[in-house]
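Notes to accompany the following structure.
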Amino acid sequence: MVMFKVSRVQTAPIDGQKPGTSGLRKKVKVFVQPHYLENFVQSTFYALSAEKVQGATLVVSGDGRYYSKDAIQIIIKMAAANGVRRIWVGQNGLLSTPAVSAVIRERVGHDGSKATGAFILTASHNPGGPHEDFGIKYNMENGGPAPEAITDKIYENTKTIKEYLIAEEFPDVDIAAIGVTSFMGPDGQFDVEVFDSASDYVKLMKSIFDFQAIRNLLSSPNFTFCYDALHGVAGAYANRIFVEELGAQESSLLNCTPKEDFGGGHPDPNLTYAKELVARMGLGKSSPQDEPPEFGAAADGDADRNMILGKRFFVTPSDSVAIIAANAVEAIPYFSGGLKGVARSMPTSAALDVVAEHLNLKFFEVPTGWKFFGNLMDAELCSVCGEESFGTGSDHIREKDGIWAVLAWLSILAHKNKENIHGGKLVSVEDIVRHHWATYGRHYYTRYDYENVDSGAAKELMAYLVQLQSSLAEVNEIVKGVHSDVSNVVHADEFEYKDPVDGSISKHQGIRYLFEDGSRLVFRLSGTGSEGATIRLYIEQYEKDPSKTGRDSQEALAPLVDVALKLSKMEEFTGRSAPTVIT
Ligand code: VG1
Ligand code: CO
Numbered sequence: 001m002v003m004f005k006v007s008r009v010q011t012a013p014i015d016g017q018k019p020g021t022s023g024l025r026k027k028v029k030v031f032v033q034p035h036y037l038e039n040f041v042q043s044t045f046y047a048l049s050a051e052k053v054q055g056a057t058l059v060v061s062g063d064g065r066y067y068s069k070d071a072i073q074i075i076i077k078m079a080a081a082n083g084v085r086r087i088w089v090g091q092n093g094l095l096s097t098p099a100v101s102a103v104i105r106e107r108v109g110h111d112g113s114k115a116t117g118a119f120i121l122t123a124s125h126n127p128g129g130p131h132e133d134f135g136i137k138y139n140m141e142n143g144g145p146a147p148e149a150i151t152d153k154i155y156e157n158t159k160t161i162k163e164y165l166i167a168e169e170f171p172d173v174d175i176a177a178i179g180v181t182s183f184m185g186p187d188g189q190f191d192v193e194v195f196d197s198a199s200d201y202v203k204l205m206k207s208i209f210d211f212q213a214i215r216n217l218l219s220s221p222n223f224t225f226c227y228d229a230l231h232g233v234a235g236a237y238a239n240r241i242f243v244e245e246l247g248a249q250e251s252s253l254l255n256c257t258p259k260e261d262f263g264g265g266h267p268d269p270n271l272t273y274a275k276e277l278v279a280r281m282g283l284g285k286s287s288p289q290d291e292p293p294e295f296g297a298a299a300d301g302d303a304d305r306n307m308i309l310g311k312r313f314f315v316t317p318s319d320s321v322a323i324i325a326a327n328a329v330e331a332i333p334y335f336s337g338g339l340k341g342v343a344r345s346m347p348t349s350a351a352l353d354v355v356a357e358h359l360n361l362k363f364f365e366v367p368t369g370w371k372f373f374g375n376l377m378d379a380e381l382c383s384v385c386g387e388e389s390f391g392t393g394s395d396h397i398r399e400k401d402g403i404w405a406v407l408a409w410l411s412i413l414a415h416k417n418k419e420n421i422h423g424g425k426l427v428s429v430e431d432i433v434r435h436h437w438a439t440y441g442r443h444y445y446t447r448y449d450y451e452n453v454d455s456g457a458a459k460e461l462m463a464y465l466v467q468l469q470s471s472l473a474e475v476n477e478i479v480k481g482v483h484s485d486v487s488n489v490v491h492a493d494e495f496e497y498k499d500p501v502d503g504s505i506s507k508h509q510g511i512r513y514l515f516e517d518g519s520r521l522v523f524r525l526s527g528t529g530s531e532g533a534t535i536r537l538y539i540e541q542y543e544k545d546p547s548k549t550g551r552d553s554q555e556a557l558a559p560l561v562d563v564a565l566k567l568s569k570m571e572e573f574t575g576r577s578a579p580t581v582i583t
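Residue numbers (UniProt numbering): 1 to 583.
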């Protein structure tokens with residue numbers, strides 16, 4: 001057995017290590033600076049209680065982006081030096097974010113051990129490569145992202161750190177080969193266990209969904225399917241689940257080889273960045289050569305996001321979670337006993353609220369970021385939840401789950417088409433969505449992102465919007481000046497959340513303008529970018545009249561968009577006449 005020593009390396013605080021919406025994300029060139037990663041990892045160890053470090057079992061893996069392999073070796077050596085007993089690594093360092101959550105909750109090690117936390121190495125939907133982003137976040141024993149109390153502590157520690165611990169005389173561990181390597185340090189034995197990245201996750205999915213029903217759907221001559229992993233880690237699961245387990249054709253998988261730089265693309269599953277899939281589904285500028293598939297989906301870099309498409313049809317993420325909630329009990333065995341409750345992030349449309357009301361379900365509105373759903377789920381208050389940013393999930397784990405969302409949609413399609421599988425006209429994705437609108441009304445919805453705006457200008461715009469909220473009369477004067485037929489703003493505030501489980505309060509979670517007819521404008525600054533500021537503008541309008549739910553979304557929202565841009569003086573503050581991305 002290899003013996004190692006522990007060395008204490010002198011270091012000094014490095015500015016800017018404050019975790020954002022979902023961990024610390026910076027350019028690779030920032031992460032590779034001496035001590036940068038080490039300071040953050042040691043600060044995390046210091047933020048955890050002693051028993052969650054010494055003698056503990058921790059997971060280290062991620063979406064495989066550039067610098068992950070080096071980072072894994074560093075974290076292994078630091079874990080060994082800090083008295084951690086075991087490190088679990090997905091083969092080649094690959095684990096999707098939802099799979100990490102599943103591994104923490106479900107996996108039992110070769111010696112019967114259980115993990116109590118994880119370092120997830122990802123910057124999620126941000127591009128990867130030597131000139132792009134790297135990221136790291138810590139997840140807790142429940143499988144969910146560290147709550148603000150912990151991330152605040154980590155940040156405080158990064159401001160005072162003086163030294164970190166790292167193992168010496170410690171070889172790099174081969175993370176390509178499955179197996180256990182043992183080492184001996186001053187505190188005793190330390191093991192690194194490399195395991196198959198997919199099997200725990202696949203097993204969990206099989207316990208949630210009726211795979212046979214989905215298999216029947218996929219084998220139907222009527223049904224065609226397509227999945228785009230955008231070269232993210234979802235590719236490591238797609239073949240196993242969609243092809244091996246469910247019988248989809250290999251040709252239905254696009255970009256399913258994980259790459260360190262995501263093939264040079266932006267691994268964000270939306271209509272702008274998932275170009276190939278969008279074209280294949282008949283939603284691109286030119287019509288595709290072949291008839292588009294009935295169903296298409298894409299994932300982000302770490303596979304916790306999903307985009308759901310039908311043939312020539314886009315499902316907004318806000319509608320997607322509402323439709324899953326409305327159909328879950330009938331279509332998904334895991335939910336057959338009923339839903340405990342549902343939740344959405346504040347900027348997500350109120351489509352889910354309407355379903356909750358109809359079905360008499362508990363309902364929660366939380367700030368942006370998955371960490372807020374975890375407490376509700378641990379307290380058994382919530383079964384299904386989602387965000388407008390292409391995140392959907394349930395209490396099977398404590399992260400959003402891209403492949404889960406695809407399986408949920410396939411389950412709904414399989415359920416609605418039980419009779420049509422061997423012929424007859426399929427109930428399509430579009431049919432399901434239109435039927436949903438006819439039943440519950442439609443929430444027209446769009447998000448405008450202004451990326452890489454000057455940070456000062458972005459802050460000024462937000463401050464201006466807050467100050468404007470003190471006079472609704474003035475606000476309404478501006479609104480009416482832009483469009484006299486837009487309804488009145490009846491309430492404006494900054495969203496604040498009191499966690500119903502632990503009573504913790506999160507302030508400044510987005511600026512809201514709420515209109516009399518249920519329309520909403522929300523402004524937020526992104527907490528996941530790595531350069532400049534990103535302003536997000538969320539625009540929503542509710543239409544109850546079934547004869548008016550079929551309009552083009554951008555056209556229906558045009559007056560409200562005008563109001564939002566004028567109200568915020570967007571161009572004046574940012575110099576931008578158009579957003580970077582519209583979803
Ligand atoms: C964005 C989304 C948010 C999501 C977060 C992490 O945060 O808006 O809904 O939870 O990304 O997603 P922000 O602060 O940039 O708006 V992931 O898949 O990138 O970890
Ligand atoms: Co992600």
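Ideal Cβ placement from N, Cα and C applies to all residues, glycine included.
Own chain residues within Cβ distance below 8 angstroms of residue i, not counting five before or after
| i | result |
| --- | --- |
| GLU399 | THR97, PRO98, VAL100, SER101, ASN139, GLY143, GLY144, PRO145, ASP304, TRP370, GLY393 |
| PRO293 | THR224, PHE225, CYS226, SER252, ARG280, MET281, LYS311 |
| VAL108 | LYS114 |
| LEU24 | GLN17, LYS18, PHE40, GLY135, ILE136, LYS137 |
| THR549 | ARG434, TRP437, ALA438, GLY441, ARG442, GLU543 |
| GLU169 | VAL2, MET3, PHE4, LYS5 |
| PRO202 | At residue 202 the sequence reads Val, which differs from the Pro that was named. Correct list, in chain order: TYR237, ARG240, ILE241, GLU245. |
| LEU58 | ALA79, VAL84, ARG86, ILE87, TRP88, ALA115, THR116, GLY117, ALA118, PHE119 |
| PRO367 | SER345, MET346, PHE495, TYR497, SER506, GLN509, GLY510 |
Bridge partners - residue i, DSSP secondary structure assignment
| i | result |
| --- | --- |
| HIS88 | One point to set straight first is that residue 88 is Trp, not His, in the sequence displayed. Note: TRP88 sits in a beta bridge opposite VAL59, GLU193. |
| ARG105 | In DSSP, ARG105 forms no bridge with anything. |
| residue 596 | Because the chain here runs from 1 to 583, residue 596 falls outside it and cannot be looked at. |
| HIS491 | LEU514 |
| LYS27 | ASP133 |
| PRO145 | ASN139 |
| HIS443 | TYR542 |
| VAL6 | ALA167 |
| ARG344 | GLU365, GLY386 |
| PHE45 | Per DSSP, none; premise fails for PHE45. |
| ALA297 | TYR227, ILE308 |
| ASP200 | DSSP output for ASP200 lists no bridge partner at all. |
| ASP449 | ARG536, VAL581 |
Residue burial classification, residue i (beta-carbon count within 10 angstroms, cutoff 16)
| i | result |
| --- | --- |
| ARG8 | exposed |
| ILE324 | buried |
| PRO258 | buried |
| HIS396 | buried |
| ASP454 | exposed |
| GLY341 | buried |
| SER68 | buried |
| ILE505 | exposed |
| THR583 | buried |
| ASP449 | buried |
| GLY33 | Checking the sequence shown, residue 33 turns out to be Gln, not Gly. Exposed, because fewer than 16 other Cβ atoms sit within 10 Å of the Cβ of GLN33. |
| GLY424 | exposed |
| LYS162 | exposed |
| ALA177 | exposed |
| ALA492 | buried |
| ARG536 | buried |
| ARG551 | exposed |
| ALA12 | exposed |
| GLN509 | buried |
Same chain only: Cβ atoms within 7 angstroms of residue i, ignoring 5 sequence neighbours per side
| i | result |
| --- | --- |
| ALA457 | PHE573, THR574 |
| residue 598 | Since the first residue shown for the chain is 1 and the last is 583, residue 598 is missing from the structure and cannot be characterised. |
| ASP228 | LEU254, ASN255, ALA274, GLU276, LEU277, ALA298 |
| GLY78 | Here the sequence assigns Met to residue 78, which means Gly is not the residue at that position. So the list reads GLU38, VAL41, GLN42, TYR164, LEU165, ILE166, once near-sequence residues are dropped. |
| HIS125 | PRO267, ASP268, ASP300, GLY301, ARG305 |
Cutoff 6 angstroms; reference residue i; Cβ partners in own chain excluding five residues on either side
| i | result |
| --- | --- |
| TYR538 | PRO347, ARG447, VAL522 |
| THR316 | TYR445 |
| MET184 | MET1, MET3 |
| ASN82 | PHE45, VAL53, LEU165 |
| HIS35 | THR11 |
Starting from the N-terminal side, write out each stretch of the beta strand (DSSP E) that is 3 residues or longer and does not extend beyond the stretch 168 to 194. 179 to 185
Within the stretch 229 to 289, ranges of the alpha helix (DSSP H) (whole runs, at least 4 residues): 235 to 238, 275 to 280
Ordered list of beta strand (DSSP E) runs contained in the stretch 357 to 417, each at least 3 residues: 363 to 366, 384 to 387, 391 to 394
Complete beta strand (DSSP E) runs within the stretch 300 to 334 (minimum length 3 residues, chain order): 306 to 310
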